[in-house]
């Protein structure tokens, strides 16, 4: 193995699997441990057939892989900029193409669990006469790895880039509201997650809006909105983590709980504005746009507040996401999204009020 | 003035602090104790940044749990090693504190001049040295109409010539505005006479007057 690859393998890849053992084991258990041994092959063949045959299912799986890619790339970048790994900056002495090649290898290895499933799905797609879907799956994952490798190379060569912030130079014709700070975080420190989240969210919603229907049906765009909004879960987790680290001073400010909660509503309303715009230009009835937007904002608030309740436990957060997603999907089918919206808002406010002052992040 | 009773602070099941009763009248108090004794935790609990069992009340009626907004109007806090979002400018924070603590603009300007931080307030905090960030956090702690100001290690990373400025400001806020100060410091001993402080010792998971 080349020296740079070996160092990256030890510092990045090995550390990734070591520090995420719990999460990976959890996913492995969900995927393979909950199915009877004799049914395992048939079960996964059915899943892969579903991915190949159903556009909605394919989009959902692509979303899950995207979330994995973002999470793993964040880990890689965090390893690159750690003070104890400062020696890695010597890698910048080699040409950028070499840097990119070595980081791509690291990202491909970190992405290995996805590659195994994606490759098996590729063969299922070929077998079922859908080679385009098969190649799309491989190309999508390769593009994900390439994109995060480019970002890693850039970060390696610009370790203090956060200081040159365009955000802090933005002036508004009015006083900046408090929730403006959150957008500062998103545009400065979570830009990659934000862009990929928005790309996926738009793609999912657009895909659902293209489903041909013989009559007007609000449930289809709402399901697309659900998939898009659910893909914001990683971004929300990062926002919560950042709040605990950098917004401690916020707790000492005399701001009413209702105002704090309204600031969150404003944040998430602005965050889903592009998706709302897509609904409007696709001729979804305005009343349905309002219902769908309220549902999406409620879901994002719920993700935010549930992290207090779960003490930022990622494993339990994933369980809640899955349950919430399935429940939402079912209730949208039964046209009960208004009930869910109400529940999401009520639970969010209850947890937010209950935990905001008392929550203390576990410093690991 | 500031009253603590039946305080019990645990973290991950481990007892950190227990204070049956502790009352601070108007004054300047030096919270002493070894590393890890719980001084910072005590300040954070009083600032409302760390939760605990028990009662914390200001002026006999403003309860930290029952009146969280009013309480925070009157209790300000500066961290030992302040962490602020790197992309914000100092002015962003000053304006936020000025607005929420309902501070007089002239007072805020006066504080900015006193600590001589105006020249870099427009820059992103990510470009600040630790000393510059410390001075900003001290300015923020004095903003508004505080009745209690909690300063955790106020002299750490502060340049030598700023120390007498801070001590003079503490004295003037205490004498003229009747502000109570709770300070933790390993360095304050030599300045104790200047501030006429009373000592509180945090030791063996409890705190008491010394």
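Residue numbers (the working numbering), protein chains in the order written: chain D, 1 to 364; chain U, 1001 to 1210.
Glycine residues also receive a C-beta, built at the ideal position from the N, C-alpha and C atoms.
So is residue i in contact with chain D if we call contact Cβ pairs under 8 angstroms?
{"i": "residue 1135 (chain U)", "result": "no"}
{"i": "residue 1173 (chain U)", "result": "no"}
{"i": "residue 1177 (chain U)", "result": "no"}
{"i": "residue 1008 (chain U)", "result": "no"}
{"i": "residue 1069 (chain U)", "result": "yes"}
{"i": "residue 1066 (chain U)", "result": "no"}
{"i": "residue 1072 (chain U)", "result": "yes"}
{"i": "residue 1013 (chain U)", "result": "no"}
{"i": "residue 1077 (chain U)", "result": "yes"}
Are the C-beta of residue i and some C-beta of chain U separated by less than 8 angstroms?
{"i": "residue 251 (chain D)", "result": "yes"}
{"i": "residue 246 (chain D)", "result": "yes"}
{"i": "residue 185 (chain D)", "result": "yes"}
{"i": "residue 78 (chain D)", "result": "no"}
{"i": "residue 178 (chain D)", "result": "yes"}
{"i": "residue 4 (chain D)", "result": "no"}
{"i": "residue 360 (chain D)", "result": "yes"}
{"i": "residue 195 (chain D)", "result": "no"}
{"i": "residue 163 (chain D)", "result": "No answer about residue 163 (chain D) holds up, because its pLDDT of 42 lies below 50 and its placement is not dependable."}
{"i": "residue 188 (chain D)", "result": "yes"}
{"i": "residue 181 (chain D)", "result": "yes"}
{"i": "residue 357 (chain D)", "result": "yes"}
For the candidate residues the options, whose alpha-carbon lies nearest to that of residue i?
{"i": "residue 65 (chain D)", "options": "D:88, D:85 and D:142", "result": "D:142"}
{"i": "residue 1093 (chain U)", "options": "U:1138, U:1181, U:1004 and U:1150", "result": "U:1138"}
{"i": "residue 340 (chain D)", "options": "D:10, D:279, D:222 and D:45", "result": "D:222"}
{"i": "residue 249 (chain D)", "options": "U:1042, U:1199 and U:1096", "result": "U:1096"}
{"i": "residue 8 (chain D)", "options": "D:45, D:255 and D:156", "result": "D:156"}
{"i": "residue 308 (chain D)", "options": "D:298, D:287 and D:361", "result": "D:361"}
{"i": "residue 282 (chain D)", "options": "D:185, D:153 and D:217", "result": "D:217"}
{"i": "residue 347 (chain D)", "options": "D:324, D:331, D:358 and D:335", "result": "D:324"}
{"i": "residue 1044 (chain U)", "options": "U:1183, U:1209 and U:1174", "result": "U:1183"}
{"i": "residue 1046 (chain U)", "options": "U:1108, U:1028, U:1150 and U:1102", "result": "U:1150"}
{"i": "residue 231 (chain D)", "options": "D:70, D:63, D:306 and D:31", "result": "D:63"}
{"i": "residue 1166 (chain U)", "options": "U:1136, U:1121, U:1147 and U:1011", "result": "U:1136"}
{"i": "residue 1158 (chain U)", "options": "U:1132, U:1074 and U:1021", "result": "U:1132"}
{"i": "residue 1064 (chain U)", "options": "U:1197, U:1205, U:1104 and U:1003", "result": "U:1003"}
{"i": "residue 298 (chain D)", "options": "D:273, D:147, D:76 and D:269", "result": "D:269"}
{"i": "residue 311 (chain D)", "options": "D:288, D:322 and D:355", "result": "D:355"}
{"i": "residue 15 (chain D)", "options": "D:233, D:109, D:289 and D:359", "result": "D:109"}
{"i": "residue 261 (chain D)", "options": "D:278, D:178 and D:17", "result": "D:178"}
{"i": "residue 1170 (chain U)", "options": "U:1068, U:1052, U:1027 and U:1036", "result": "U:1027"}
{"i": "residue 1140 (chain U)", "options": "U:1178, U:1174, U:1156 and U:1084", "result": "U:1084"}
{"i": "residue 55 (chain D)", "options": "D:296, D:211 and D:345", "result": "D:211"}
Below 8 angstroms on the Cβ atoms is my guess for residue i versus residue j; work out the distance and round it to an integer in Å.
{"i": "residue 252 (chain D)", "j": "residue 1077 (chain U)", "result": "5 angstroms"}
{"i": "residue 1152 (chain U)", "j": "residue 1080 (chain U)", "result": "4 angstroms"}
{"i": "residue 44 (chain D)", "j": "residue 72 (chain D)", "result": "Going by Cβ atoms, the distance from residue 44 (chain D) to residue 72 (chain D) rounds to 22 angstroms, so no, they are not a contact pair."}
{"i": "residue 1033 (chain U)", "j": "residue 1202 (chain U)", "result": "4 angstroms"}
{"i": "residue 1030 (chain U)", "j": "residue 1163 (chain U)", "result": "No, residue 1030 (chain U) and residue 1163 (chain U) are not in contact; Cβ-Cβ is about 15 angstroms, not under 8 angstroms."}
{"i": "residue 1103 (chain U)", "j": "residue 1062 (chain U)", "result": "The pair is not a contact, with the Cβ atoms about 19 angstroms apart (cut-off 8 angstroms)."}
{"i": "residue 288 (chain D)", "j": "residue 242 (chain D)", "result": "At roughly 34 angstroms, the Cβ-Cβ gap does not stay under 8 angstroms, so residue 288 (chain D) and residue 242 (chain D) are not in contact."}
{"i": "residue 1089 (chain U)", "j": "residue 1122 (chain U)", "result": "6 angstroms"}
{"i": "residue 1048 (chain U)", "j": "residue 357 (chain D)", "result": "6 angstroms"}
Can you give me the Cβ contacts of residue i inside the same chain, cut-off strictly under 6 angstroms, excluding the 5 residues immediately before and after it?
{"i": "residue 284 (chain D)", "result": "221"}
{"i": "residue 257 (chain D)", "result": "353"}
{"i": "residue 219 (chain D)", "result": "332"}
{"i": "residue 107 (chain D)", "result": "145, 148 and 149"}
{"i": "residue 272 (chain D)", "result": "296"}
Which same chain residues, not among the five before or five after residue i, have their C-beta less than 8 angstroms away from its C-beta?
{"i": "residue 367 (chain D)", "result": "Within the shown structure, residues of chain D are numbered from 1 to 364, placing residue 367 (chain D) beyond reach of any answer."}
{"i": "residue 1118 (chain U)", "result": "1112"}
{"i": "residue 202 (chain D)", "result": "228, 274, 275 and 278"}
{"i": "residue 266 (chain D)", "result": "177 and 179"}
{"i": "residue 92 (chain D)", "result": "99, 156 and 157"}
Can you list, in chain order, the residues of its chain whose CB lies under 7 angstroms from that of residue i, leaving out five sequence neighbours each side?
{"i": "residue 1086 (chain U)", "result": "1124, 1125 and 1126"}
{"i": "residue 1180 (chain U)", "result": "1001, 1002, 1024, 1026, 1027, 1147 and 1148"}
{"i": "residue 351 (chain D)", "result": "305, 306, 308 and 309"}
{"i": "residue 1010 (chain U)", "result": "1016"}
Below 7 angstroms between beta carbons is the criterion; list the residues of the segment 255–274 of chain D that meet it against any residue of chain U, in chain order. Using a CB distance below 7 angstroms, the part of the segment 255–274 of chain D facing chain U consists of 255 and 256, ordered along the chain.
Along the segment 1033–1060 of chain U, where does the CB come closer than 8 angstroms to a CB of chain D? Name the residues. 1047, 1048, 1049, 1050 and 1051
Compile a chain-ordered list of the residues in the segment 304–316 of chain D whose CB is closer than 8 angstroms to at least one CB of chain U. none
Please identify, using Cβ separations under 7 angstroms, the residues of the segment 1115–1132 of chain U that lie next to chain D, in order along the chain. 1124, 1126 and 1127
Please list, in chain order, the residues of the segment 1082–1102 of chain U that have any C-beta partner in chain D closer than 9 angstroms. 1082, 1083, 1084, 1085, 1086, 1087, 1088, 1089, 1092, 1093, 1095, 1096, 1097, 1099, 1100, 1101 and 1102
Residues within the segment 224–242 of chain D neighbouring chain U, beta-carbon criterion of under 7 angstroms: none
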